[in-house]
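Counting from 1, position 105 in the sequence shown corresponds to residue 1212 in this note's numbering; the numbering is continuous, with no gaps.
Don't be surprised by glycine CBs; every beta carbon is placed ideally from N, CA and C.
The structure presented is a predicted model; accordingly, all values stated were derived computationally and were not measured.
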Amino acid sequence: MSRINVNVDGIGRSDEVEPRLLLVHYLREKLGLVGTPIGCDTSNCGACTVLLDGRSVKSCSVLAVQADGATITTIQGLANGSWHPVQTAFKECHGLQCGYCTPGMVLSAVDLLAENPDPSDSEIREGLEGNICRCTGYQNIVKSVRHAADLIQEAGK
Ligand code: FES
Ligand code: FES
């Protein structure tokens, strides 16, 4: 067992974990943060995406011990009193249907917009290519991210 110290959604955690425990299993099983879904467990679908020190990662591709010392944001910690603009945009633009891919889509979009505040449609598609959606056909997801970029710019004015 190895001890890890992490900050998850604003709360400091200190836990003994098996060295082979995946971050997604740590979040879901140890911390009960089941808002981070598992879609494939093989690093393909992006459903399990979280922010690790602000950057999006597939939490089924990271060991919990590799996150030692990091700040992690899951979909459950993204709203800070009110929804994050990306969450608002997904709601307003109908960027989801079943919602299974949505936590990962939203967190990948947060990272994308932090890197590129005014992305083109093709840059959005490229930025989210690691996230699979089986329902929407992606059109409304792209629209949501574009709208989120506008909301963030307006909020910054
Ligand atoms: Fe992690 Fe699919 S569950 S990428
Ligand atoms: Fe169902 Fe994306 S909304 S998988």
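Terminal residues of the beta strand (DSSP E) in which residue 1109 lies: According to the DSSP assignment, residue 1109 belongs to the beta strand (DSSP E) that extends over 1109-1115.
Any non-hydrogen atom of ligand 2 closer than 7 Å to residue 1204 Cβ: For residue 1204, the shortest C-beta to heavy atom distance toward ligand 2 is below 7 Å.
Assumed close pair residue 1166, residue 1157 - CB separation to whole angstroms, cut-off 8 Å: That belief holds up - the Cβ atoms of residue 1166 and residue 1157 are roughly 5 Å apart, short of 8 Å.
Residue ranges of each beta strand (DSSP E) within the segment 1135-1171, 3 or longer: Look at the segment 1135-1171 and you find these whole runs of beta strand (DSSP E), each 3 residues long or longer: 1156-1159 and 1162-1165.
Unbroken beta strand (DSSP E) run spanning residue 1121, endpoints: Element bounds for residue 1121: 1118-1124.
Residue span of the alpha helix (DSSP H) that contains residue 1195, given as start and end: DSSP places residue 1195 in the uninterrupted alpha helix (DSSP H) bounded by 1192-1199.
Residues of its chain near residue 1195, where Cβ-Cβ distance is below 8 Å and the 5 sequence neighbours each way are ignored: Correct list, in chain order: 1255 and 1258.
Residue 1204 vs residue 1243 beta-carbon contact at 8 Å: With respect to the 8 Å criterion, residue 1204 and residue 1243 are classified as neighbours on the basis of their beta carbons.
Check: residue 1155 C-beta below 7 Å from any heavy atom of ligand 1: Indeed, a heavy atom of ligand 1 lies less than 7 Å from the Cβ.
Per-residue burial, residue 1117 [other beta carbons within 10 Å of its own, 16 or more giving buried]: By the 10 Å Cβ count, residue 1117 comes out exposed.
Residues that residue 1187 bridges to, as DSSP identifies them: Under DSSP, residue 1187 shares a beta bridge with 1189.
Under the three-state DSSP convention, the category residue 1209 falls into: DSSP places residue 1209 in helix when its eight states are reduced to three.
Endpoints, the beta strand (DSSP E) within which residue 1179 is located: Residues 1178-1180.
Minimum C-alpha distance to residue 1185 - residue among 1147, 1211 and 1146: Out of 1147, 1211 and 1146, 1211 has the C-alpha closest to the C-alpha of residue 1185.
Distance cut-off 7 Å: residue 1243 Cβ against heavy atoms of ligand 2: Yes, the beta carbon of residue 1243 sits closer than 7 Å to at least one heavy atom of ligand 2.
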